[in-house]
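To start, the structure itself, in structure tokens.
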Amino acid sequence: MRDPRRAGPDLMIAESALPSSVDATLDLLAKHGYFAERSLATVVFLSLRMARPLFVEGEAGVGKTEIAKVLSAALGRRLIRLQCYEGLDLASAAYEWNSHAQLIAIRLAEAAGDTDRERLSSDIFAERYLIKRPLLQALEPDVRGPPVLLIDELDRADEAFEAFLLEILGDFQVTIPEFGTVRAAPPPIVIATSNRTREIHDALKRRCLYHWVDYPSAERELAIVRSRVPGISAALSQQVVGFVQALRNRDFYKNPGVAETIDWAMALTELDTRLLTPQIVGDTIGALLKYQDDISRMQDDVVQNLLKEAATDP
Amino acid sequence: MAINHFDSPTGHIADNVAGFARTLRACGLPVGPGAVIDALKALRLIDIGNRADVFSTLQAIFMTRHDHAPIFAQAFDLFFCIAEEGKNMLDPVQPLDQARKPPPSASRRVLEALSRPAITSEREAPQGQEMRPSVSDLEVLQKKDFAQMSAAELAQVTQIIANMKLPQARLHTRRIRPDPRGSRLDLRRTLRGGLHTGGEIVDIHRLGRIDKPAPIVALLDISGSMSEYTRLFLHFLHGITNRRGRVSVFLFGTRLTNVTRALRARDPDEALAACSSVVEDWAGGTRIATSLHDFNKLWSRRVLGQGAVVLMITDGLEREAGSELAFEMDRLHRSCRRLIWLNPLLRYDGFEPRARGIKMMLPHVDEFRPVHNLSSIEGLIAALSQAPGRHGRGAARGLNEGHYARSR
Chain A
1 MRDPRRAGPD LMIAESALPS SVDATLDLLA KHGYFAERSL ATVVFLSLRM
51 ARPLFVEGEA GVGKTEIAKV LSAALGRRLI RLQCYEGLDL ASAAYEWNSH
101 AQLIAIRLAE AAGDTDRERL SSDIFAERYL IKRPLLQALE PDVRGPPVLL
151 IDELDRADEA FEAFLLEILG DFQVTIPEFG TVRAAPPPIV IATSNRTREI
201 HDALKRRCLY HWVDYPSAER ELAIVRSRVP GISAALSQQV VGFVQALRNR
251 DFYKNPGVAE TIDWAMALTE LDTRLLTPQI VGDTIGALLK YQDDISRMQD
301 DVVQNLLKEA ATDP
Chain B
1 MAINHFDSPT GHIADNVAGF ARTLRACGLP VGPGAVIDAL KALRLIDIGN
51 RADVFSTLQA IFMTRHDHAP IFAQAFDLFF CIAEEGKNML DPVQPLDQAR
101 KPPPSASRRV LEALSRPAIT SEREAPQGQE MRPSVSDLEV LQKKDFAQMS
151 AAELAQVTQI IANMKLPQAR LHTRRIRPDP RGSRLDLRRT LRGGLHTGGE
201 IVDIHRLGRI DKPAPIVALL DISGSMSEYT RLFLHFLHGI TNRRGRVSVF
251 LFGTRLTNVT RALRARDPDE ALAACSSVVE DWAGGTRIAT SLHDFNKLWS
301 RRVLGQGAVV LMITDGLERE AGSELAFEMD RLHRSCRRLI WLNPLLRYDG
351 FEPRARGIKM MLPHVDEFRP VHNLSSIEGL IAALSQAPGR HGRGAARGLN
401 EGHYARSR
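Protein chains in written order, with the UniProt record's numbering: chain A, 1 to 314; chain B, 1 to 408.
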């Protein structure tokens, strides 16, 4: 089988750039603006060192996708993103043959009077007619080191697609019947995420390290907001985070994630807000809550109470 | 850097990790033998003196779903409980001594798993089978009304219902597969076939859509008049929720509650407990119209999108049935593929739809079925397996002609 994947000297240098301990991983992530819990840093470290895919679950907006983005930036690797959706199949996820170009090639061979079937078949199914989609791209060697492959929102793809992923996540290879098996010599760093709208099959999880990402603690969220929204004042950021944390304790249909907290903090700084008032909360709540039934629950007295709770938070 | 305890002559770590894996397995977590090897590899990479890191590491490898987090945490604490200060985390541990009392919060499953070797439980299994009802018992159970069953009979029926399979009418999806009668051209396979004939395309290969079961949305009445049936239906719905995808379950009495997530817990008791903790109006009054209004407004677009079959389980005894009820029923009927009303009142031979609420609802359902005993539930399953006709005249017509489904 053709296997063009070789580890060049560059790859070896990149390998050594992986963090050497849990603490180093924690620092590396923090340096790039991702303030992770120690437990998350532990599994990220293990996933890098053991070359195992990392499967992260959690509510929307807790920073699952961000892990892959930050890892790619921190390690200087290419980020390859596969967004999953219902009906996603092999052709859009891994590879497809450029059938039109192949047809033309057959016609040309015919016109030239070429009747050697063996040669025709190896010409037609050559790499240049292969359209590479994210999964196949992720197996290719890269001068910067194996890429970071983000398989985002796996729960949106259907079960049949998971079965196909087993080969990729277990052995880091794709088998193309006409072409051969493409294997990644140094495997890519794989991060798969799920919002848990449905359960992912155990067979797939077994090939991965598993981690549940929770909403961040107040302290961590404050660090995130201050690093992501540079112009924000200490008092406002404290208030914003206190308010969001108090909000998450109530039973809303969709609790705001960290992404929403950042959006809201940005909106507030845009509006030159010094301190939160019920008025300004009411005007900007759309940045935080995305469901009408949640927004309609935000009556004046609820907002007042939340502001009071936010103020008493350490 | 990691402290290396692996070369210690006693080799406790491998034993402990394997023992811990056995404990988890006994608690119901799917832990395969490969995971133990992975865990040992991973423990070499971290500082195993750090309890939190060991916890995160073992969790990342042995746990595959968030539901298991509490069980994992309890098992970890109990298994490694003697490895407190001064001792190394992975020093040899004895199987838990019952005299040394574990924290009361630990679930029974964890304690049972820890207090006896796994082999014993396997040997005990055959005894459990003798609990199964005999054939003649089953015949009686088939026809007996749920409301008249003893606790023991209910327990049996619950078990049977929880194990019922639900074959389902199938829907087209967006995924495709080779299909000789499909509507799309499969260029890839066509070209491959063409190579055998020197580039001349003789056979045209085609692609067709893949089918999969239609989503099910259940609306279950939990008001006082339905109380004898609620628990059984919840078991039934829990069974199908866990066995196939795309099932949504809502409970309503005076208000509507979505319990789909609560029902996803594997363990039926845990799932039902989770349901009751989110529902505020068990066995109270009924306000079908308001509940349906909420469903139509808040949920129908999210859960009925892909041609869902709606199971409406209620006796239809509504105190204040007004024109809104008919309006909301009509709306619901129009937004789903098939609306099946399951009504335990149909067990009475002389049943006639006299109650105002029932009269309001009946014109808007496709099927009207009894659900008061096992055979009627089996009938329901058979009905769901049929090809789903797009709704229309349905039960309203059936009722006029006097031959709606009846099992007694």
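The C-beta atom is built at its ideal place from N, Cα and C for all residues, glycine as well.
For clarity, every value in this text was computed on a predicted model and none was experimentally measured.
**OP:** Have a look at B:Phe295, B:Gly253, B:Phe76 and B:Leu154 and flag the residue whose alpha-carbon is nearest the alpha-carbon of alanine 18 of chain B.
**Re:** As a working note, residue 18 of chain B is residue 18 in the second sequence. Closest by alpha carbon: B:Phe76.
Original post:
According to DSSP, what are the bridge partners of threonine 175 of chain A?
Top reply: Against the first sequence, residue 175 of chain A aligns to sequence position 175. Its beta-bridge partners are A:Thr181.
Original post:
Does the distance from the C-beta atom of isoleucine 280 of chain A to that of threonine 273 of chain A stay below 7 angstroms?
Top reply: Counting from 1 along the first sequence, the entry for residue 280 of chain A is found at position 280. Counting from 1 along the first sequence, the entry for residue 273 of chain A is found at position 273. In contact: isoleucine 280 of chain A and threonine 273 of chain A (Cβ atoms closer than 7 angstroms).
**OP:** Compare the C-beta of leucine 195 of chain B with all C-beta atoms of chain A and state if any pair is closer than 7 angstroms.
**Re:** As a working note, residue 195 of chain B is residue 195 in the second sequence. So, interface residue.
Original post:
For arginine 107 of chain A, which of B:Phe146, B:Leu58 and B:Leu195 has the nearest alpha-carbon?
Top reply: In the first sequence, residue 107 of chain A corresponds to position 107, counting from 1. Checking every option, the nearest Cα to that of arginine 107 of chain A belongs to B:Leu195.
Original post:
Looking only at DSSP bridge pairs, what is histidine 172 of chain B linked to?
Top reply: Looking up residue 172 of chain B in the second sequence gives position 172. In DSSP, histidine 172 of chain B forms a bridge with B:Asp211.
Original post:
In the structure shown, what three-state DSSP assignment does leucine 54 of chain A receive?
Top reply: Taking the first residue of the first sequence as 1, we reach residue 54 of chain A at position 54. Here leucine 54 of chain A sits in strand by DSSP.
Original post:
In terms of DSSP beta bridges, what is glutamate 270 of chain B paired with?
Top reply: Against the second sequence, residue 270 of chain B aligns to sequence position 270. None; glutamate 270 of chain B has no bridge partner.
Subject >> Buried or exposed by the 16-neighbour rule on C-beta atoms within 10 Å, applied to residue 327 of chain A >> reply: This structure does not reach residue 327 of chain A, given that chain A is present from 1 up to 314, and the question cannot be answered.
Original post:
Which value, in whole angstroms, describes the spacing of the CA atoms of alanine 39 of chain B and methionine 50 of chain A?
Top reply: As a first step, residue 39 of chain B must be located in the second sequence, where it is residue number 39. As a first step, residue 50 of chain A must be located in the first sequence, where it is residue number 50. Alanine 39 of chain B and methionine 50 of chain A: Cα-Cα distance of roughly 11 angstroms.
**OP:** Below 7 angstroms between beta carbons is the criterion; list the residues of the region 141–161 of chain A that meet it against any residue of chain B, in chain order.
**Re:** Asp158 and Ala160
Subject >> Residues of the region 207–219 of chain A whose Cβ lies closer than 9 angstroms to any Cβ of chain B, in chain order >> reply: Close to chain B, meaning a Cβ-Cβ distance shorter than 9 angstroms, are the following residues of the region 207–219 of chain A: Cys208, Leu209, Tyr210, His211 and Trp212.
Original post:
Helix, strand or coil for tryptophan 212 of chain A per DSSP?
Top reply: Here residue 212 of chain A corresponds to residue number 212 of the first sequence, with the count starting at 1. If DSSP states are grouped into helix, strand and coil, tryptophan 212 of chain A belongs with the strands.
Original post:
Going by DSSP, which residues form a beta bridge with alanine 157 of chain A?
Top reply: Here the question's residue 157 of chain A lines up with position 157 in the first sequence. None; alanine 157 of chain A has no bridge partner.
**OP:** Check the Cβ-Cβ distances between phenylalanine 6 of chain B and every residue of chain A, and say whether any is below 7 angstroms.
**Re:** Position 6 of the second sequence, counted from the start, is the residue given in the question as residue 6 of chain B. Its pLDDT being 46, under 50, phenylalanine 6 of chain B is placed unreliably in this model, and the value from its coordinates should be taken loosely. So no, phenylalanine 6 of chain B is outside the interface.
Original post:
threonine 65 of chain A and alanine 41 of chain A: beta carbons closer than 7 angstroms?
Top reply: As a first step, residue 65 of chain A must be located in the first sequence, where it is residue number 65. As a first step, residue 41 of chain A must be located in the first sequence, where it is residue number 41. Cβ distance not < 7 angstroms, so threonine 65 of chain A and alanine 41 of chain A don't count as in contact.
Original post:
threonine 185 of chain A to isoleucine 176 of chain A, Cα distance in whole Å?
Top reply: Counting from one through the first sequence, the residue named residue 185 of chain A turns up at place 185. Counting from one through the first sequence, the residue named residue 176 of chain A turns up at place 176. Per the sequence presented here, residue 185 of chain A reads as alanine, with threonine not at that position. In a straight line, the C-alpha of alanine 185 of chain A is about 17 angstroms away from that of isoleucine 176 of chain A.
Original post:
Taking DSSP as the reference, what is the three-state secondary structure of leucine 306 of chain A?
Top reply: Translated into positions along the first sequence, residue 306 of chain A becomes position 306. Leucine 306 of chain A: helix per DSSP, three-state reduction.
Original post:
So, is asparagine 343 of chain B buried or exposed, given that buried needs 16 or more other C-beta atoms within 10 angstroms?
Top reply: Here residue 343 of chain B is taken as the residue at index 343 of the second sequence, counted from 1. Buried, by the Cβ-count rule.
**OP:** From the DSSP output, read off the bridge partner residues of tryptophan 264 of chain A.
**Re:** As a first step, residue 264 of chain A must be located in the first sequence, where it is residue number 264. In the DSSP assignment, no residue is bridged to tryptophan 264 of chain A.
Original post:
Of all the residues that make up the region 28–50 of chain B, which are near chain A by a beta-carbon distance shorter than 9 angstroms?
Top reply: When CB distances to chain A are screened at a threshold of 9 angstroms, the residues of the region 28–50 of chain B falling below it are Pro30, Gly32, Gly34, Ala35, Asp38, Lys41, Ala42, Leu45, Ile46, Asp47 and Asn50, in chain order.
Subject >> Contact set for alanine 101 of chain A: own chain, Cβ-Cβ below 7 angstroms, skip 5 residues either direction >> reply: For the purposes of this step, residue 101 of chain A is identified with residue 101 of the first sequence, where counting begins at 1. Closer than 7 angstroms at the Cβ level, and outside the excluded window around alanine 101 of chain A, lie Tyr129.
Subject >> the region 318–337 of chain B / the region 345–354 of chain B touching (three or more Cβ pairs under 8 angstroms) >> reply: No: the two stretches stay apart, fewer than three of their Cβ pairs being nearer than 8 angstroms.
Subject >> Contacts that arginine 49 of chain A makes with chain B (C-beta to C-beta distance below 7 angstroms) >> reply: Locating residue 49 of chain A in the first sequence gives position 49, where the first residue counts as 1. Near arginine 49 of chain A (Cβ distances below 7 angstroms), the residues of chain B are Leu45.
Subject >> Residue-chain proximity (threonine 42 of chain A, chain B), Cβ-Cβ < 7 angstroms >> reply: Along the first sequence, one-based indexing puts residue 42 of chain A at 42. True, the Cβ-Cβ gap to chain B drops below 7 angstroms.
**OP:** Say whether chain B places a C-beta atom closer than 7 angstroms to the C-beta of lysine 254 of chain A.
**Re:** Here residue 254 of chain A corresponds to residue number 254 of the first sequence, with the count starting at 1. So, not an interface residue.
**OP:** Please check if any C-beta of chain A sits within less than 7 angstroms of the C-beta of leucine 191 of chain B.
**Re:** Numbered from 1 along the second sequence, position 191 holds the residue referred to as residue 191 of chain B. Yes, leucine 191 of chain B lies at the interface with chain A (some Cβ there is under 7 angstroms from its Cβ).
Original post:
Looking only at C-alpha atoms, which of B:Val278, B:Thr158, B:Asp67 and B:Thr254 sits nearest to glutamate 228 of chain B?
Top reply: What you label residue 228 of chain B is simply residue 228 of the second sequence in a count that begins at 1. With distances taken between Cα atoms, glutamate 228 of chain B lies closest to B:Thr158.
Subject >> aspartate 269 of chain B to leucine 234 of chain B span [Cα, whole Å] >> reply: As a working note, residue 269 of chain B is residue 269 in the second sequence. As a working note, residue 234 of chain B is residue 234 in the second sequence. Approximately 10 angstroms between the Cα atoms of the pair.
Subject >> Residue-level contact to chain B via CB, glutamine 83 of chain A, 7 angstroms cutoff >> reply: To locate residue 83 of chain A, count along the first sequence from 1; it is residue 83. So no, glutamine 83 of chain A is outside the interface.
**OP:** Keeping to the same chain, check which residues put their C-beta closer than 7 angstroms to that of valine 62 of chain A; ignore five residues upstream and five downstream.
**Re:** Taking the first residue of the first sequence as 1, we reach residue 62 of chain A at position 62. Closer than 7 angstroms at Cβ, skipping near neighbours: Val213, Asp214, Tyr215, Gly257 and Val258.
**OP:** Return the Cβ separation of arginine 226 of chain A and serine 237 of chain A in integer angstroms, given the expectation that the two are a contact with Cβ distance under 8 angstroms.
**Re:** As a working mapping, residue 226 of chain A is identified with position 226 in the first sequence. As a working mapping, residue 237 of chain A is identified with position 237 in the first sequence. In this structure, arginine 226 of chain A and serine 237 of chain A form a Cβ contact; the two beta carbons are roughly 6 angstroms apart against a cut-off of 8 angstroms.
Original post:
Hey, is the region 130–146 of chain A in contact with the region 161–175 of chain A, meaning 3+ C-beta pairs nearer than 8 angstroms?
Top reply: yes
**OP:** Please name the residue or residues paired with valine 247 of chain B in a DSSP beta bridge.
**Re:** Along the second sequence, read from residue 1 onward, the residue named residue 247 of chain B stands at position 247. Valine 247 of chain B is bridged to B:Ile216.
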